[in-house]
Structures are given as C-alpha cells and as structure tokens.
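Structure first, then comments.
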Amino acid sequence: MKPEENKFADVPLRVKTWIYIILVFVMGISYPLAMKLFVSWISLQCFFEFLRLFKINSNHRISSLFLGAAQFFLLYFFTIENYFIYSSILSLVVLLYFLILKTSLKQLYGVFTALLVCLFAFPHLSFIREPVSGLNSIIFVVVVTELNDVFQYLMGKFFGKHKITPAISPNKTMEGFIGGVFLTVILSNILGFFLLKTDILVNTILGTILGISGFFGDVFMSYLKRKANVKDTGTLLPGHGGLLDRMDSLIFNAPIFFWILSLLVKN
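Using my numbering, you'd call the opening residue of the sequence shown number 69 and step up by one each time.
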C-alpha cells in the first residue's frame with residue numbers, strides 16, 4: 069500500500085497536462101471545420117493506440133493515417149446518415165485488410181472494437197458541434213464528462229473505501245462513483261442553465277446519465293487494458309496515459325448526448 073502522503077503525488081502532473089488538453093480542445097472546437105479535423109485526429113490517435121493495445125501486426129502509423137484521413141473526408145462531404153453508411157463500408161474494408169494480414173480472431177475483435185469507437189462513437193462529437201447551438205452543446209458534454217472523471221477520481225481519493233470493480237479497475241470505489249455523479253449533476257445544472265437553456269429536470273437527467281455512462285466508458289477501457297495486461301494505452305498525455313485513457317468516458321457519452329439532444333430539439 070502506498071504511503072498516505074503520496075496519495076496525491078500525481079496531481080500536479082495531471083493538472084499541468086490538463087492545461088495543454090484545454091488549449092487543444094479550445095482550438096479544436098473553435099470552428100466546424102476545425103472540429104472535423106480535431107475529431108479525425110482523435111480517431112487517428114486512438115486507432116493507433118488500439119492497434120498497439122491489441123498487438124496488431126501491421127504498420128500502425130499508415131493504418132491510422134488512412135483511417136483518420138478517410139474519416140475527415142466522410143465528415144466533410146457527407147451528411148450524418150450517409151456518414152454512417154460509408155463508414156460501415158470503410159469498416160469492412162479495414163477489417164478485410166487485417167484479415168488478409170492473417171490477423172488472429174482475437175485481434176480482429178480488437179480491430180472491430182477500435183472501429184466502433186473511432187468511426188461510430190467519437191464522430192458524434194462532430195455531429196454535436198454542427199448546429200448553430202453546437203458550440204455550447206459540445207462544451208457542455210465534454211466539460212461535464214471530463215469533470216465527472218475528475219470528480220470521481222478526487223472523491224475516490226478522499227473518501228474511497230469500498231471497491232466497485234476490483235477485478236477490472238481496483239482504484240474505483242463506490243464512494244468515488246456516487247460522489248462523482250452527485251457533483252456532476254450539480255455541474256450539469258449550472259452549465260445546462262447557461263449553455264443549453266434547459267430546465268432543472270432536464271439538466272439533472274443529463275447529469276445523471278452522463279455521470280453513469282461516463283463511468284461505464286471508463287470501466288470498458290479498463291477492461292480492455294486489463295485483458296491486454298497494460299496500464300495505459302499510451303504516453304501521449306503525461307499523468308493520464310494515452311489519448312484513449314482520457315477519451316474513454318466519451319465513448320458512450322458522445323452518442324448518448326447527441327441522441328438525447330436530438331430528442332430535446334424535436335420536442
């Protein structure tokens with residue numbers, strides 16, 4: 069067990085990295101075209117980390133560059149409906165490529181998972197940014213999601229005693245989860261009032277759903293890392309690991325928020 073005084077030893081490094089993350093995020097969401105480039109880069113980097121995570125025998129950089137460039141093309145030229153049609157075709161092409169390379173069935177499962185995350189989950193960030201109110205919406209979902217991570221991390225550090233997923237992510241606790249979701253609901257109400265102009269009921273529902281689904285996105289990636297016997301998906305973000313380690317909570321939150329937002333707009 070680590071000494072009590074070292075419990076927060078990694079916090080300064082994590083905060084320093086957060087400053088860089090925020091700067092890149094601000095530039096990425098500044099304009100719809102920048103958002104498409106930003107999302108394509110996220111998918112490129114995350115696909116690269118997935119390939120290394122599952123130990124895929126291929127040129128990781130070329131495969132990832134191809135995926136990122138293809139995704140930008142699809143995001144730029146096609147509507148949401150057509151994007152999903154053509155990204156499905158792209159996924160089949162990529163799977164066929166790795167099948168030709170005689171990739172094992174387990175690794176093909178890894179590639180399939182990577183494609184679902186990179187081509188179908190993360191692009192929802194770009195779709196959220198598209199409408200006139202999209203800037204407020206993307207700020208809301210990303211800030212709420214990422215601070216939910218921070219809240220659960222800090223609540224777990226301060227009050228965590230009861231492990232919630234010991235076999236998958238030993239550091240996660242019931243106290244951290246509950247405390248994090250509670251603070252996320254409060255944050256959702258504050259940001260929702262100013263950014264989304266939604267009422268307290270909608271903001272509370274959004275905060276609860278994003279807090280819980282964000283947790284499961286984190287656990288999902290922890291499960292994959294546990295199966296691969298690695299601690300982090302990369303070293304891109306000091307104190308955090310790889311980009312996937314920082315983006316994992318958005319795997320579920322981005323699609324869920326997009327479709328909830330679509331329903332709210334219709335109603």
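All residues carry an ideal CB built from backbone N, CA and C; glycine is no exception. As the structure is a computational prediction, the values presented were derived from the model and not from experiment.
Going along the chain, which residues of its own chain have a beta-carbon closer than 7 Å to the beta-carbon of residue i, five neighbours each way excluded?
| i | result |
| --- | --- |
| residue 72 | Note on residue 72: pLDDT 48, under 50, position unreliable in the model; no value is reported. |
| residue 239 | 224 |
| residue 146 | 154 |
| residue 87 | none |
| residue 232 | 240, 241, 242, 245 |
| residue 128 | 116, 119, 120 |
Excluding the 5 residues preceding and the 5 following residue i in the sequence, name in chain order all residues of the same chain whose CB lies nearer than 6 Å to its CB.
| i | result |
| --- | --- |
| residue 318 | 213 |
| residue 321 | 213, 278, 281, 282 |
| residue 217 | 317 |
| residue 315 | none |
| residue 290 | 236, 237 |
| residue 332 | none |
Check each candidate in the options and name the one with the smallest Cα separation from residue i.
| i | options | result |
| --- | --- | --- |
| residue 256 | 173, 208, 110, 133 | 208 |
| residue 293 | 124, 172, 236, 283 | 236 |
| residue 143 | 127, 94, 194 | 194 |
| residue 132 | 88, 198, 183 | 183 |
| residue 211 | 331, 332, 97 | 97 |
| residue 285 | 270, 312, 260 | 312 |
| residue 158 | 266, 141, 85 | 141 |
| residue 186 | 296, 106, 258, 264 | 106 |
Within the same chain, show all residues whose beta-carbon is closer than 8 Å to that of residue i, passing over the 5 residues directly before and after it, in chain order.
| i | result |
| --- | --- |
| residue 170 | none |
| residue 323 | 188, 189, 192 |
| residue 179 | 118, 119, 122, 124, 162, 163, 166, 171 |
| residue 196 | 202, 205, 206, 209, 322, 325, 326, 329 |
What distance in whole Å lies between the Cβ atoms of residue j and residue i, which are believed to be in contact at a cut-off of 8 Å?
| i | j | result |
| --- | --- | --- |
| residue 280 | residue 190 | 20 Å between Cβ atoms; not a contact. |
| residue 261 | residue 247 | The Cβ separation is near 22 Å, so there is no contact. |
Looking at the strands, I want to know which residues DSSP matches up with residue i.
| i | result |
| --- | --- |
| residue 231 | 241 |
| residue 305 | 309 |
Are there any heavy atoms of the ligand GDP lying less than 7 Å away from the beta-carbon of residue i, as far as the coordinates show?
| i | result |
| --- | --- |
| residue 242 | Of ligands this structure carries none, so the ligand GDP is not represented either. |
**Item:** Meets three-Cβ-pair contact criterion under 8 Å: the segment 291-310 and the segment 81-94
**Value:** Yes: the two stretches touch, three or more of their Cβ pairs being nearer than 8 Å.
**Inter-stretch contact (C-beta, 8 Å, three-pair minimum) for the segment 236-251 and the segment 210-225** = The answer is yes - the segment 210-225 touches the segment 236-251, with three or more Cβ pairs under 8 Å.
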